[in-house]
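Engineer: Have a look at this one.
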Amino acid sequence: MKIVVLAGGLSTERDVSLSSGCQIYKALKSNGHSVILLDIFMGFEGDAATAFESGRDWAAEIAPVKETAPDIEKLKASRKGGSKALFGPNVLELCGAADIVFMALHGDSGENGKVQAAFDLFGIKYTGTDSLSSALAMDKSIAKQLFIAAGINTPKSVLLTSKSDVPPVKLPCVVKVCNGGSSVGVYIAKTEAEYKEAVEKAFSYENKVLVEEFVKGREFTDGVIEGVALPIVQIEPKEGFYDYKNKYQAGSTIETCPAKITKQLEEKIKAAAVKVFHTLGIKTYARIDFIVDANEDVFCLEANTLPGMTPTSLVPQEAAAIGKSFAELCEWIIEVSLKKYKA
Ligand SMILES: Nc1ncnc2c1ncn2[C@@H]1O[C@H](COP(=O)(O)OP(=O)(O)O)[C@@H](O)[C@H]1O
Ligand SMILES: [Mg+2]
10 MKIVVLAGGL STERDVSLSS GCQIYKALKS NGHSVILLDI FMGFEGDAAT
60 AFESGRDWAA EIAPVKETAP DIEKLKASRK GGSKALFGPN VLELCGAADI
110 VFMALHGDSG ENGKVQAAFD LFGIKYTGTD SLSSALAMDK SIAKQLFIAA
160 GINTPKSVLL TSKSDVPPVK LPCVVKVCNG GSSVGVYIAK TEAEYKEAVE
210 KAFSYENKVL VEEFVKGREF TDGVIEGVAL PIVQIEPKEG FYDYKNKYQA
260 GSTIETCPAK ITKQLEEKIK AAAVKVFHTL GIKTYARIDF IVDANEDVFC
310 LEANTLPGMT PTSLVPQEAA AIGKSFAELC EWIIEVSLKK YKA
């Protein structure tokens, strides 16, 4: 197949996406496909007509994920021409020429459903779920309302739409942006001063901020493919919570898959993951994050419709636990994604 692996973009998770894209690109190439790796924002300045046959190593210039999220304003200024379009040069042409686009985007450029909507209008096939479910899952305040309506347990929260609006809350609390990811814009506040500071910082990213009750407990995540739950991962950061650094710096978090938990808890988490998947109308695959408290009550934090895809990412670890290699997982995602277009 001719495949474009689409990564990068303008979200705070840009570097993570490029890292996912790089690994997917290599895996699909080794599977024998004709593959190009494209940064959706920077695009491709060369000859689009021969891009698939160029023999070029598209992964050569991709750097590993740094300790902090990248400077997006600097990146925006670095593109020639001054266009504000998310799609860089030749991106739509190359995606249109592919049999499928493998979505390695994370965060608001790609995970919020807008790229999926554009691709639907252009008749471009892509991996992962559709635009509506992407949008619903991306906005944590909207997803939460759907969870509550469906009887899915989720931490209590209040939505703030202005930074002057700092209602009294029980501490500790979690302040988080509604449309973020990779824990960028997520703060755990233990004191009144930390709470105020967290709200201030969160509003520097966007103007919709959730303040959630802090759930003390163990953290788990579970991938779901075609409505079937994969083995669960337990996540234990060595220090602090599962923030950006603990997510992407090797060795900073213990990730155990399959999680060493009772059969009963395993069934409970898997059932919740599948329910979240269907409640948001997700097609193909997703990964759902949970905290489980001392009473073994399972709280859903969020659904990730384009979860990380480096070989050490969580869904690839879950696939490995059922004997699927990273390259096999990539093929599986393509196969499942193509079913969207058969209906
Ligand atoms: N209500 C909460 N109670 C305790 N920890 C939380 C809570 N919400 C978030 N966290 C911590 O913050 C991390 C990121 O939060 P999450 O809602 O999953 O956002 P993101 O989209 O950035 O991953 C979680 O993995 C968890 O470690
Ligand atoms: Mg999360």
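Quick note: the sequence shown, position 206, residue 215 per the numbering used here, numbers continuous. Here a beta-carbon is modelled for each residue, glycine too, at the ideal position from N, C-alpha and C. Since this is a predicted model, take the numbers as computed values, not measurements.
Just to check my reading of the structure: Ala355 and Asn162 have Cβ atoms closer than 8 angstroms, yes? What is that Cβ distance to the nearest angstrom?
Structural biologist: Given that the chain is displayed from residue 10 to residue 352, the structure contains no residue 355 and the question cannot be resolved.
Engineer: Ignoring anything shorter than 4 residues, give me the alpha helix (DSSP H) runs that lie fully in the segment 264–350, in order along the chain.
Structural biologist: 272–288, 323–330, 335–347
Engineer: Are the beta-carbon atoms belonging to Val233 and Glu264 less than 8 angstroms from one another?
Structural biologist: For the purposes of this step, residue 233 is taken as residue 224 along the sequence shown, with counting starting at 1. For the purposes of this step, residue 264 is taken as residue 255 along the sequence shown, with counting starting at 1. Not a contact, by the Cβ cut-off of 8 angstroms.
Engineer: Would Pro176 be called buried (16 or more neighbouring beta carbons within 10 Å of its own) or exposed?
Structural biologist: Position 167 of the sequence shown, counting from 1, holds the residue named residue 176. It is exposed - the Cβ of Pro176 has fewer than 16 other Cβ atoms within 10 Å.
Engineer: Distance, Cα to Cα, Pro316 vs Asp231?
Structural biologist: As a first step, residue 316 is located in the sequence shown; it is residue number 307 there, counting from the start. As a first step, residue 231 is located in the sequence shown; it is residue number 222 there, counting from the start. Looking at the two C-alpha atoms, the distance is approximately 11 angstroms.
Engineer: Output yes or no for whether 8 angstroms exceeds the beta carbon distance between Pro98 and Phe53.
Structural biologist: Within the sequence shown, numbered from 1, the residue matching residue 98 stands at position 89. Within the sequence shown, numbered from 1, the residue matching residue 53 stands at position 44. Contact: yes.
Engineer: What three-state label does DSSP hand Gly232 in the structure shown?
Structural biologist: Start at 1 with the first residue of the sequence shown, and residue 232 comes out as number 223. DSSP places Gly232 in strand when its eight states are reduced to three.
Engineer: Quick test of your reading: Phe128 and Val110, contact by CB under 8 angstroms. State the CB separation rounded to the nearest angstrom.
Structural biologist: The count along the sequence shown starts at 1 and reaches residue 128 at position 119. The count along the sequence shown starts at 1 and reaches residue 110 at position 101. Their Cβ separation, rounded to whole angstroms, is 7 angstroms, which keeps Phe128 and Val110 in contact under 8 angstroms.
Engineer: Ignoring anything shorter than 4 residues or poking outside the segment 41–98, list the alpha helix (DSSP H) runs there in chain order.
Structural biologist: 81–87
Engineer: Should the segment 280–288 be called in touch with the segment 208–216, which here means at least 3 C-beta pairs below 8 angstroms?
Structural biologist: Output reads no: the segment 208–216 does not touch the segment 280–288.
Engineer: Check for me: the beta strand (DSSP E) holding Ser166 runs from which residue to which?
Structural biologist: By 1-based counting over the sequence shown, the position of residue 166 is 157. 166–169 is the span of the beta strand (DSSP E), which, as asked, contains Ser166.
Engineer: On a CA-only basis, which of Leu19, Ala238, Ser43 is nearest Phe61? Give me that one, please.
Structural biologist: One-based indexing of the sequence shown puts residue 61 at position 52. Closest option to Phe61, Cα to Cα, is Ser43.
Engineer: Compare the Cα-Cα distances from Leu347 to each of Met112, Val100, Val193 and report the closest residue.
Structural biologist: Reading the sequence shown from its first residue, position 338 is the one you call residue 347. Nearest of Met112, Val100, Val193 to Leu347, Cα basis: Met112.
Engineer: Counting Cβ pairs, one atom from each stretch, are 3 or more of them under 8 angstroms apart for the segment 246–258 and the segment 188–197?
Structural biologist: Enough Cβ pairs lie closer than 8 angstroms, so yes.
Engineer: Do Cys187 and Lys217 come within 8 angstroms of each other at the CB atom, strictly closer than that value?
Structural biologist: The residue given as residue 217 occupies position 208 in the sequence shown. The residue given as residue 187 occupies position 178 in the sequence shown. The answer is yes: Cβ separation under 8 angstroms.
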